[in-house]
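Participant:
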Amino acid sequence: MTTPLLSVTGLTKRYGPRIGCADVSFDLYPGEVLGIVGESGSGKSTLLSCLAGHQTTDLGQITYDGRNVLAMSETDRRRLGRTDWAYVHQNPRDGLRMGVSAGGNVGERLMAIGARHYGQIRDSATNWLGRVEIAADRIDDRPTAFSGGMQQRLQIARNLVTAPRLVFMDEPTGGLDVSVQARLLDLLRGLVRDLGLSVIIVTHDLAVVRLLAHRLMVMKSGRVVEQGLTDQVLDDPQHAYTQLLVSSVLAA
Amino acid sequence: MTDQAYNFAYLDEQTKRMIRRAILKGVAVPGYQVPFASREMPMPYGWGTGGVQVTAACLTPDDTLKVIDQGADDTTNAVSIRKFFQRTAGVAVTESTTDATIIQTRHRIPETPMTAGQILVYQVPIPEPLRFLEPRETETRKMHELEEYGLMHVKLYEDIARHGQIATAYAYPVKVEGRYVMDPSPIPKFDNPKLSDSPAIQLFGAGREQRIYALPPFTKVVSLDFDDHPFIASKAPHDCDLCGAGDSYLDEVITDDQGSRMYVCSDTDFCAGRRDAGHVGRLGVAQTEGQTQGMLI
Chain A
955 MTTPLLSVTG LTKRYGPRIG CADVSFDLYP GEVLGIVGES GSGKSTLLSC LAGHQTTDLG
1015 QITYDGRNVL AMSETDRRRL GRTDWAYVHQ NPRDGLRMGV SAGGNVGERL MAIGARHYGQ
1075 IRDSATNWLG RVEIAADRID DRPTAFSGGM QQRLQIARNL VTAPRLVFMD EPTGGLDVSV
1135 QARLLDLLRG LVRDLGLSVI IVTHDLAVVR LLAHRLMVMK SGRVVEQGLT DQVLDDPQHA
1195 YTQLLVSSVL AA
Chain B
1232 MTDQAYNFAY LDEQTKRMIR RAILKGVAVP GYQVPFASRE MPMPYGWGTG GVQVTAACLT
1292 PDDTLKVIDQ GADDTTNAVS IRKFFQRTAG VAVTESTTDA TIIQTRHRIP ETPMTAGQIL
1352 VYQVPIPEPL RFLEPRETET RKMHELEEYG LMHVKLYEDI ARHGQIATAY AYPVKVEGRY
1412 VMDPSPIPKF DNPKLSDSPA IQLFGAGREQ RIYALPPFTK VVSLDFDDHP FIASKAPHDC
1472 DLCGAGDSYL DEVITDDQGS RMYVCSDTDF CAGRRDAGHV GRLGVAQTEG QTQGMLI
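Here you go:
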């Protein structure tokens, strides 16, 4: 029996009298992909940023790899955020340094944890650009010269270069057209499988979670209304809101 | 002659105490930027208002002041600040590095080695080394607090990626005693090794940005670099055309519109001293005693 990599109990975040997310509990096992779906304003992104430590949490407990995340010093938490964790933003502009070349973007996390050999940093940057299908001769171009899909792939490379074990993704395919989205999903699926990543992916696109996620959590008004295996939840929704969500998907 | 309308060295005593407290804190935590309530000075920002306030707080009537601007004693900035303190403090002034007890400098460290007991005051335009990498002040302070300096190397990485070498030639970032990353003010990187282990005390004042930081004597200061692209204290590959010095930082002076140029020491006191001692460079003429002020061009 494996122990969970990330264990969350009773996580609550309030914005004054309003609820951001309330009483969320789940376990995430190594190599598992957890999807979080729900409509806009249902607390998905709040939950994700609380987990990643971008926002303070009001109540509850987060245990990562046997360590209490909320009791950690800020130094430790930020180090965790640079090494073992990764955060892929919906808008690549939030996650990339737009004024720094692609190679510098990928190398930043390596340099942040103490890499001081230019040649080695550049080699791993080249390697990672290759893995996310960006040509090696684009290494010195700035992200501003990249298309949206390339920027998103660059952001993923930048996050995965330190071999994190847990990746948070906030709508990684939002704002991309369908063919680019398909390629990105293909790439993500390959990387997750090859690297054995644990992923928490927030999205409102049910097709994305169907493709990527092993398990699914459905949120409404800050609370988890249903969770289970992805196929089970999507094919046999129990909660009225999930039924509504599933039936609202437009068929092409 | 002291202008009686002003307190000694222009600033009032309470202001000087406030600045001295900031300096003491800076000396206690080398490389840490101490905020202070910078005053309006009778000169524009960018002309050394920070350095002038630090100098004013350190001056005593017995001090001998030297002011240099890019190494030179006779340029506008140096002359006006020297006159300012002659008028408001009535202290002795000198152009000789060895005779001075306080040296206020804009963007150079004198070639003549500093000695114990001297104070070197730097004028700093932008004290935050991470400023152009991370625009948020709240974030840069957090980065200093948590020693997150990976970003500084991203800048050096970009230099190598774009230019094939670390092209940063001035304001080259340094790490102080293995803790704080510091902007040594825009001195050429040629001067960076002189920051380390100096017997003199080094104070940095940024007036507009309201920060003071300091290096106490014999502080270890290391220039950041990569293992395979080590730090090089570079200078123009020439000798001084006036005094023949091969180890001083040089200014390039264009002498006509045919592309002729000469290289001269940027430290005028050092160059004059060498010429007085009988050294002659490629374009120099032998000097007689006391004639060094007249340049040949």
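Those protein sequences? They're chains A and B, same order as listed.
Here the first sequence stands for residues 955 to 1206, numbered as in the numbering used here.
Here the second sequence stands for residues 1232 to 1528, numbered as in the numbering used here.
Note that beta-carbon positions come from the ideal geometry of N, C-alpha and C, so glycine has one too.
These numbers come from a predicted model, not from an experiment.
Listed from N- to C-terminal order along the chain, which residues in the region 1044–1078 of chain A have their beta-carbon within a distance smaller than 9 Å of any beta-carbon of chain B?
Facilitator: Taking 9 Å as the Cβ-Cβ cut-off against chain B, the residues of the region 1044–1078 of chain A that qualify are Arg1051, Gly1053, Val1054, Ser1055, Gly1057, Gly1058, Asn1059, Gly1061, Glu1062, Arg1063, Leu1064, Met1065, Ala1066, Ile1067, Gly1068, Ala1069, Arg1070, His1071, Tyr1072, Gly1073, Gln1074, Ile1075, Arg1076.
Participant: So Cys975 of chain A packs on Leu982 of chain A, CB below 8 Å; how close in whole Å?
Facilitator: Contact doesn't hold; Cβ gap of about 16 Å is too wide.
Participant: Within this structure, are the beta carbons of Glu1440 of chain B and Pro1358 of chain B separated by less than 8 Å?
Facilitator: Yes, these two residues count as a Cβ contact at 8 Å.
Participant: Out of B:Arg1251, B:Thr1336, B:Ser1311, B:Gly1277, which has the shortest C-alpha to C-alpha gap to Pro1419 of chain B?
Facilitator: Closest by alpha carbon: B:Thr1336.
Participant: Are Arg1107 of chain A and Leu1139 of chain A touching if we call contact CB-CB under 8 Å?
Facilitator: No, the Cβ-Cβ distance between Arg1107 of chain A and Leu1139 of chain A is not below 8 Å.
Participant: Just to confirm, are Glu1087 of chain A and Val1385 of chain B a CB contact at a threshold of 8 Å?
Facilitator: The answer is no: Cβ separation not under 8 Å.
Participant: For Gly1525 of chain B, does the three-state DSSP call read helix, strand or coil?
Facilitator: Low per-residue confidence applies at Gly1525 of chain B: pLDDT is 47, beneath 50, and the placement is therefore not dependable enough to give any value.
Participant: From Glu1389 of chain B to Arg1367 of chain B, what distance separates their C-alpha atoms?
Facilitator: Roughly 21 Å separates the two Cα atoms.
Participant: If you reduce the DSSP assignment to three classes, tell me which class Tyr1388 of chain B lands in.
Facilitator: Correct three-state label for Tyr1388 of chain B: helix.
Participant: With 8 Å as the threshold, decide whether the Cβ of Thr1029 of chain A is near any Cβ in chain B.
Facilitator: Closer than 8 Å to some Cβ of chain B, the Cβ of Thr1029 of chain A qualifies, so yes.
Participant: Assess, as a yes-or-no matter, whether the region 1239–1250 of chain B is touched by the region 1401–1419 of chain B under the definition of 3 or more beta carbon pairs within less than 8 Å.
Facilitator: No: the two stretches stay apart, fewer than three of their Cβ pairs being nearer than 8 Å.
Participant: Leaving out five residues before and five after Gln1181 of chain A in sequence, what residues of the same chain have Cβ atoms less than 8 Å from its Cβ?
Facilitator: Around Gln1181 of chain A: Phe980, Arg1169, Leu1170, Met1171, Val1172, Val1187.
Participant: If I follow the unbroken alpha helix (DSSP H) through Gln1245 of chain B, where does it start and stop?
Facilitator: First-last of the alpha helix (DSSP H) with Gln1245 of chain B: 1244–1259.
Participant: Have a look at Pro1356 of chain B and Thr956 of chain A and give me their C-alpha separation to the nearest angstrom.
Facilitator: Each residue's alpha carbon lies about 57 Å from the other.
Participant: Does the Cβ of Ile1463 of chain B have 16 or more other Cβ atoms within 10 Å, making it buried, or fewer, making it exposed?
Facilitator: Per the 10 Å Cβ criterion, exposed.
Participant: Which of the residues in the region 1084–1102 of chain A, read from start to end, lie with their CB under 8 Å from any CB of chain B?
Facilitator: Hits within the stretch, in order: Ile1093, Asp1094.
Participant: Enumerate, from N- to C-terminal direction, the unbroken alpha helix (DSSP H) stretches of 4 or more residues contained entirely within the region 1070–1145 of chain A.
Facilitator: Qualifying alpha helix (DSSP H) stretches, in chain order: 1072–1085, 1102–1114.
Participant: What first and last residue would you give for the beta strand (DSSP E) that runs through Thr956 of chain A?
Facilitator: Careful: Thr956 of chain A lies outside any beta strand (DSSP E) and carries neither H nor E.
Participant: DSSP three-state label for Gln1181 of chain A, please.
Facilitator: Note: Gln1181 of chain A maps to strand in three-state DSSP.
Participant: Can you list, in chain order, the residues of its chain with a C-beta nearer than 6 Å to that of Gly1302 of chain B? Leave out the 5 residues immediately preceding and following it.
Facilitator: For Gly1302 of chain B, where only same-chain residues beyond five positions count, the Cβ hits under 6 Å are Arg1339, Ser1497, Asp1498.
Participant: At a Cβ threshold of 8 Å, is Arg1112 of chain A touching chain B?
Facilitator: Not one chain B Cβ lies under 8 Å of Arg1112 of chain A.
Participant: Hey, is Arg1032 of chain A's beta-carbon within less than 8 Å of any beta-carbon in chain B?
Facilitator: Taking Cβ atoms only, chain B reaches closer than 8 Å to Arg1032 of chain A, which makes this a yes.
Participant: Distance check for Glu1028 of chain A and Tyr1182 of chain B, CA to CA, integer angstroms please.
Facilitator: Not covered by the structure: residue 1182 of chain B. The range shown for chain B is 1232 to 1528.
Participant: Ordered along the chain, which non-local residues of its own chain (more than five positions away) have a Cβ less than 8 Å from that of Val1179 of chain A?
Facilitator: Here the set comprises Val1172, Met1173, His1193, Tyr1195, Thr1196.
Participant: I'd like to know if Gly1432 of chain B contacts chain A, where contact means its C-beta is closer than 8 Å to some C-beta of that chain.
Facilitator: Note that residue 1432 of chain B is Ile in the sequence shown, not Gly. With 8 Å as the cut-off, Ile1432 of chain B does not count as an interface residue toward chain A.
Participant: Report yes or no: do the region 1486–1494 of chain B and the region 1422–1429 of chain B share at least 3 C-beta pairs separated by less than 8 Å?
Facilitator: No, the region 1486–1494 of chain B is not in contact with the region 1422–1429 of chain B.
Participant: Can you name, in chain order, every residue of its own chain whose Cβ lies under 6 Å from the Cβ of Met1526 of chain B, other than the five neighbours on each side?
Facilitator: For Met1526 of chain B, the pLDDT reaches just 47, beneath the cut-off of 50, and the residue's location in the model is therefore unreliable, although a value from the coordinates is still provided. Once the five neighbours on either side are set aside, Met1526 of chain B has no close Cβ partner at all.
Participant: Looking at chain A, is there any beta carbon in it that lies within less than 8 Å of the beta carbon of Leu1255 of chain B?
Facilitator: Chain A, which has no Cβ nearer than 8 Å to the Cβ of Leu1255 of chain B, makes this no.
Participant: Do you know how far the Cα of Thr1319 of chain B is from the Cα of Leu1034 of chain A?
Facilitator: Roughly 55 Å between the two C-alpha positions.
Participant: Quick one, are the C-beta atoms of Thr1080 of chain A and Ala1090 of chain A less than 8 Å apart?
Facilitator: In contact: Thr1080 of chain A and Ala1090 of chain A (Cβ atoms closer than 8 Å).
Participant: Any idea what DSSP makes of His1394 of chain B, helix, strand or coil?
Facilitator: The answer is helix: DSSP assigns His1394 of chain B an H, G or I state.
Participant: Suppose you measure from the CA of Gly1509 of chain B to the CA of Met1345 of chain B; what does that come to, to the nearest Å?
Facilitator: C-alpha separation (whole angstroms): 23 Å.
Participant: How is Lys1297 of chain B classed by DSSP in three states: helix, strand or coil?
Facilitator: Of the three classes helix, strand and coil, the one that applies to Lys1297 of chain B here is strand, per DSSP.
Participant: Assign Gly1057 of chain A to one of three DSSP states: helix, strand, or coil.
Facilitator: Three-state result, Gly1057 of chain A: helix.
Participant: With a threshold of 8 Å between beta carbons, is Ile1391 of chain B in contact with chain A?
Facilitator: With 8 Å as the cut-off, Ile1391 of chain B counts as an interface residue toward chain A.
Participant: Tell me which residues share the same chain as Gly1102 of chain A and place their Cβ nearer than 8 Å to its Cβ, disregarding the 5 neighbours each side in the sequence.
Facilitator: Only Pro1046, Gly1129, Leu1130, Val1134 meet the Cβ criterion.
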